[in-house]
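Numbering (my numbering), first residue to last: 2 to 210.
In structure tokens:
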């Protein structure tokens, strides 16, 4: 049996420290299981994270990301942009963890690790791509424009999220910004193209998902 090689990428501030706490538990389990690994912590800047992966990642390593939805999406975009073929797995440690819930990943970090190490098989999955002007971004679970995007943006840039994360209620921050977004979000025109042929125009949309 070929020994699996793991490359852990940890966002230490995900979930207001939940990522770091999860890593400490998993690190102890790795030592108990006598599993060799490499680990790196994320930087606030995506370019630095890209350099870290390009300089440290071995083509035969399985990537294990510990963080929230933002972390897994950032690493995904780096892998695609840099044409890296490493398998990527995920241990959810954020506030919302929408992607983990969508694919029924274990919420307990140790259970998630055991699943990755003992049961998970490598599968190809489809990812989405959104292009705004000349900027392309890839995403795993969904993309939102308008109302829902305003809620997420406001929540992620608020001090309230940090406070609620401290008491493990970070998911409530999105509900708290629901009414604010409902009041200030305006309707906008939208043009949909399907493979450049079929075109649909809408004068007033509140959100697109």
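Heads up, the beta-carbon is just placed ideally off N, CA and C, and yes, glycines get one too.
Please read all numbers here as calculations on a predicted model, not as lab measurements.
Of the listed residues the options, nearest to residue i (C-alpha basis)
{"i": "residue 20", "options": "93, 193, 141", "result": "93"}
{"i": "residue 24", "options": "106, 59, 91", "result": "91"}
{"i": "residue 208", "options": "153, 108, 52, 31", "result": "153"}
{"i": "residue 97", "options": "72, 84, 89", "result": "72"}
{"i": "residue 48", "options": "26, 78, 189, 111", "result": "78"}
{"i": "residue 81", "options": "54, 11, 205, 135", "result": "54"}
{"i": "residue 42", "options": "106, 191, 204, 22", "result": "22"}
{"i": "residue 13", "options": "37, 95, 31, 38", "result": "95"}
{"i": "residue 65", "options": "205, 46, 123", "result": "123"}
{"i": "residue 59", "options": "133, 85, 186", "result": "85"}
Cutoff 6 Å; reference residue i; Cβ partners in own chain excluding five residues on either side
{"i": "residue 101", "result": "93"}
{"i": "residue 18", "result": "none"}
{"i": "residue 180", "result": "none"}
{"i": "residue 44", "result": "50"}
{"i": "residue 175", "result": "152, 156"}
{"i": "residue 200", "result": "194"}
Residues near residue i by beta carbon distance below 7 Å, same chain, minus five either side
{"i": "residue 99", "result": "70, 142"}
{"i": "residue 31", "result": "38"}
Same chain, Cβ closer than 8 Å to residue i, neighbours up to 5 away in sequence not counted
{"i": "residue 130", "result": "137, 138, 139, 140"}
{"i": "residue 210", "result": "143, 144, 145, 146, 149"}
{"i": "residue 27", "result": "9, 67, 92, 110, 111, 114"}
{"i": "residue 155", "result": "178, 181, 182"}
{"i": "residue 116", "result": "106, 107"}
Bridge partner(s) assigned by DSSP for residue i
{"i": "residue 214", "result": "The structure shown does not extend to residue 214, since the chain spans only 2 to 210, so no value can be given for it."}
{"i": "residue 93", "result": "68"}
{"i": "residue 128", "result": "None; residue 128 has no bridge partner."}
{"i": "residue 4", "result": "DSSP output for residue 4 lists no bridge partner at all."}
{"i": "residue 29", "result": "DSSP lists no partner for residue 29."}
{"i": "residue 201", "result": "193"}
{"i": "residue 178", "result": "Residue 178 is not bridged to any residue."}
{"i": "residue 137", "result": "132"}
Environment of residue i [buried if 16+ CB atoms lie within 10 Å]
{"i": "residue 75", "result": "buried"}
{"i": "residue 51", "result": "buried"}
{"i": "residue 126", "result": "exposed"}
{"i": "residue 7", "result": "buried"}
{"i": "residue 15", "result": "buried"}
{"i": "residue 11", "result": "buried"}
For residue j and residue i, believed in contact at Cβ under 8 Å, the rounded distance
{"i": "residue 88", "j": "residue 104", "result": "Residue 88 to residue 104, Cβ: 15 Å. No contact."}
{"i": "residue 39", "j": "residue 57", "result": "7 Å"}
beta-carbon residue i near the ligand MN non-hydrogen atom, thresh 7 Å
{"i": "residue 60", "result": "For the structure depicted, the ligand MN is absent and the ligand set is empty, with no information on it obtainable."}
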